[in-house]
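Here's the structure we're looking at; comments come further down.
There are 2 protein chains.
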Amino acid sequence: MANEVVLLETWASMYGIRVRIALAEKGVKYECKEENLRNKSSLLLQMNPIHKKIPVLIHNGKPICDSAIIVQYIDEVWSHKAPLMPSDPYERAQARFWVDYIDKKVYDTSRKMWLSTGEEHETWRKELISVFKQLEETLGDKPFYGGDTFGFVDVGLISFYSWFYSFEIYGNFKMEAECPKLVAWVKRCMQRETVSKNLPDEKEIYDHAEASKKALELK
Amino acid sequence: MANEVVLLETWASMYGIRVRIALAEKGVKYECKEENLRNKSSLLLQMNPIHKKIPVLIHNGKPICDSAIIVQYIDEVWSHKAPLMPSDPYERAQARFWVDYIDKKVYDTSRKMWLSTGEEHETWRKELISVFKQLEETLGDKPFYGGDTFGFVDVGLISFYSWFYSFEIYGNFKMEAECPKLVAWVKRCMQRETVSKNLPDEKEIYDHAEASKKALELK
Chain A
26 MANEVVLLET WASMYGIRVR IALAEKGVKY ECKEENLRNK SSLLLQMNPI HKKIPVLIHN
86 GKPICDSAII VQYIDEVWSH KAPLMPSDPY ERAQARFWVD YIDKKVYDTS RKMWLSTGEE
146 HETWRKELIS VFKQLEETLG DKPFYGGDTF GFVDVGLISF YSWFYSFEIY GNFKMEAECP
206 KLVAWVKRCM QRETVSKNLP DEKEIYDHAE ASKKALELK
Chain B
26 MANEVVLLET WASMYGIRVR IALAEKGVKY ECKEENLRNK SSLLLQMNPI HKKIPVLIHN
86 GKPICDSAII VQYIDEVWSH KAPLMPSDPY ERAQARFWVD YIDKKVYDTS RKMWLSTGEE
146 HETWRKELIS VFKQLEETLG DKPFYGGDTF GFVDVGLISF YSWFYSFEIY GNFKMEAECP
206 KLVAWVKRCM QRETVSKNLP DEKEIYDHAE ASKKALELK
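Now the structure itself:
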C-alpha cells in the first residue's frame, strides 16, 4: 500500500507538534501543509468539516482528526517500531486518562491565565502550577511517563514544552523551581531528535503569543 | 486471575449506563455501588482523586476512570466476545472521533438548553437538534454505527436514550420528526437485552431532571 501522508497544522500548535513527534518516532515521511487559521483552506474544511480544526492527518486520502486520536492511529498503523501505547490494557487506560487530563487542563488553564488579569489571573496561574505539579507527581521517579521508554503521555505533554517559557512569563513563575523533576524529564525528552527537531523555538512561540494577544485585545 | 469488578455510578448517569451496557455485552458480572454525588463516598474520592467523578470501574482493586476509556478497557480485557471496537485502525479512529463528539456535544448542549431561557434557550435547542441531525447523518443507512454490529459508538450514544424524552420536553421538539433514522436505530438497539435492561425509565429520568433543575434554581 502506498503511504501518502499529509499533515495539516500550524507551526505553533502543540497539537500539531504532537503529531509531528509521533510521525518522527515511527520514521514516517510526510508532507506538512501550514494552515492559516484566519483563512482556512478548503482542504481543511473538507477534511475536518465537523470541528474545522488542525491538526488533521490525511493518510492515503482519508482524514483522521484530533491529535490524541491521530497519535493512537499512527501507533496502530506503524506498529513495526517505537510502540507508544503500553501493551497492558490497564496501563493503556491510564495513558489515555493522562493525555485526556493534559488536553482538558494544560491548554484551557494556560489560555485562561494568558487572557485574564487581576484576581482571575492569579486563580488561573495557581491552577496552572498545580496542574504541572500533578503531572510531576504522576511521572514520579520514572524516566518517562511510559516507564523506561518514551510513550503516548510523553508525546502528549512534551508537545507543550515550547510554550513553557511563555507560561513562565505570563504566570511569573519558574518551572525549574516549581517542578524540577518535570524539567529533568524535559531534558531527557530533548535528547531525542524526534522531539528536539520538532519543537519550535520558545522565544518565537512567545513572540507569537504576544502578537496573538494583541490581536485578540484589538477585536 | 480473579475478576472482581465493581462499578461506582449513579443510576441516571448516561456515562454510568454506558459502562453497564459494555459490561453486559461482555457478560461480565459486577457489583454496582450507587454514589450520592452530594456526599461522595471515600471510595470514590480514593479511586478518582483527580476528577472525583463517576463512573469508575474498579477491576481487581485498580480504578479506571472516564466512561469512554472504561469501555475501551472493557473491550480490550474481555476480548473473547462481542468486540466493540472495529478491527481496522482507521475505523477505530473514526469510532473514537464520534464518541468524543457525543461527549463534547450532546451532554453540554443539552445541559445548556436545560438550564437556559429565552433566546439563549432557543440557540441551544437548535444546536441540540443539529447535533442529533449530524449523528443521524453519520449513521447513514447502516443498521448500527458499528456497521452490521453494535459497537463502541452505539454504546456511546444509546446510553443517552433514557434522556431523549426529557430533551424533547425541554426542547419542545420530537425526535421522531427531526431524526427518524436515529429513532429507528434506537429501536434496533433496544432489541438487545444488554441495552433495554440497563436503560432507566424515561419518565423517571424526567422527574429526576425536574427535581435537579429545581434544586439548582434554589441555590
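Going down the list, the protein sequences come from chains A and B.
Okay, so the first sequence: first residue is 26 according to my numbering, each after it adds one.
Okay, so the second sequence: first residue is 26 according to my numbering, each after it adds one.
No residue lacks a Cβ here, since even glycine has one placed at the ideal position from N, Cα and C.
Quantities reported herein were computed from a predicted structural model and do not represent experimental measurements.
Item, Value
"Between which two residues does the alpha helix (DSSP H) carrying P205 of chain A extend?", "205-215"
"Please confirm whether D91 of chain A has its beta-carbon closer than 9 Å to some beta-carbon of chain B.", "yes"
"In its own chain, which residues sit with a C-beta less than 7 Å from the C-beta of K130 of chain B, not counting the 5 before and 5 after it?", "V156"
"Using the DSSP secondary-structure output, state which residues sit across from K58 of chain A in a beta bridge.", "A:L33"
"Near E59 of chain B, what residues of its chain come up, given a Cβ to Cβ distance below 8 Å and the 5 sequence neighbours on each side ignored?", "E34, T35, W36"
"Given that a residue counts as buried once 16 or more other Cβ atoms are within 10 Å of its Cβ, and exposed if not, what is D100 of chain A?", "buried"
"Would you please verify whether the beta carbon of K45 of chain A is less than 9 Å from any beta carbon of chain B?", "Reading off the sequence shown, one finds Arg at residue 45 of chain A, where the question assumed Lys. Judged by the 9 Å Cβ criterion, R45 of chain A is not in contact with chain B."
"What does R217 of chain B reach in chain A if we use C-beta pairs closer than 8 Å?", "Correct list: empty, because the minimum Cβ distance to chain A is about 24 Å."
"Provide the residue(s) that pair with K87 of chain B in DSSP beta bridges, ordered along the chain.", "B:H84"
"In the structure shown, what three-state DSSP assignment does G171 of chain B receive?", "coil"
"Could you check whether the Cβ of Y186 of chain B sits closer than 9 Å to any Cβ belonging to chain A?", "no"
"I believe S184 of chain A touches I46 of chain A by the beta-carbon criterion, under 8 Å. Please report the beta-carbon distance rounded to the nearest angstrom.", "6 Å"
"Look at I127 of chain A and G181 of chain A and say whether their C-beta atoms are less than 9 Å apart.", "yes"
"Mind checking if R117 of chain A is an interface residue toward chain B, Cβ cutoff 9 Å exclusive?", "yes"
"Counting only beta-carbon atoms, is F177 of chain B nearer than 9 Å to chain A?", "no"
"Is there a Cβ from chain A that is less than 9 Å from the Cβ of E50 of chain B?", "no"
"I need the DSSP call for V53 of chain A, collapsed to helix, strand or coil.", "coil"
"Which of the three DSSP states, helix, strand or coil, is assigned to A107 of chain B?", "coil"
"Am I right that H76 of chain B and V30 of chain B are in contact with their C-beta atoms under 8 Å? What's the rounded C-beta distance?", "So it is not a contact: roughly 20 Å between Cβ atoms."
"Would A120 of chain B pass as a contact of Y98 of chain A if the rule is Cβ separation under 9 Å?", "no"
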